[in-house]
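Residue numbers (the working numbering): 2 to 207.
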């Protein structure tokens, strides 16, 4: 009877260690502080960063799994705003994925990075090559930049809309990527995180 008990225990341990973790994904919530600013997810992965698309089988005790900015799994957002605006782009997250959304049930470390392209494309709908995007330094979660790069000097106050005049608009592209792990001794489940991407007019409230 004691021998059977040991065999059953061994089988249970093997089953637990070899069980795949379920979908590891990050959902983005977008917020714009101005009616003039529109944030749209673009690209193959839309508004999610799916690490299962990078590593099909994710298990406990695996090393770090990384999505780079030129990988097809990168999350890309298109920001349309008046060309004369300066905007601040901010990325907020807790630094981990939680099992079923509850960190008491288990967590996996999460590090996110951000790059941007504001190359003055105007109304072009072509997403720039991520290799041309500027990286936000590691350790920073926000960046302030002109929507349409100027030749120099301080930004001018936005031109008020009047009559039939509509402010010209340009597009900024934001690339979000990063890594989960190393993955510790965690139980199988659905590990998710919500990340807030905030965009607002620099130096203003609207």
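Ideal placement from N, C-alpha and C gives every residue a C-beta, glycine not left out.
- When the Cα atoms are used, residue 88 and residue 42 turn out to be separated by approximately 18 angstroms.
- Annotation for residue 115: the continuous beta strand (DSSP E) segment containing it runs 108-118.
- Under the DSSP definition of a beta bridge, residue 145 partners with 89.
- The Cβ neighbour count for residue 149, taken over all protein chains shown within 10 Å, is at least 16; the residue is labelled buried.
- In the DSSP assignment, residue 135 is bridged to 117.
- If you look at residue 40, you'll find it in the beta strand (DSSP E) that goes 39-43.
- By the Cβ test, the segment 137-144 is not in contact with the segment 56-63, since fewer than three Cβ pairs between them sit closer than 8 angstroms.
- The closest CA to that of residue 138, considering only 35, 128, 116 and 129, is found on 116.
- For residue 73, there is no enclosing beta strand (DSSP E), since its DSSP letter is neither H nor E.
- Residue state for residue 62 is assigned as coil, using DSSP reduced to three classes.
- The alpha carbon of residue 95 has as its nearest neighbour, out of 68, 27 and 187, the alpha carbon of 27.
- Close CB contacts of residue 101 within its chain, under the 7 angstroms cut and outside five residues either way in sequence, are with 190 and 191 (chain order).
- Residue pairing by DSSP places residue 167 opposite no residue, since no beta bridge is assigned to it.
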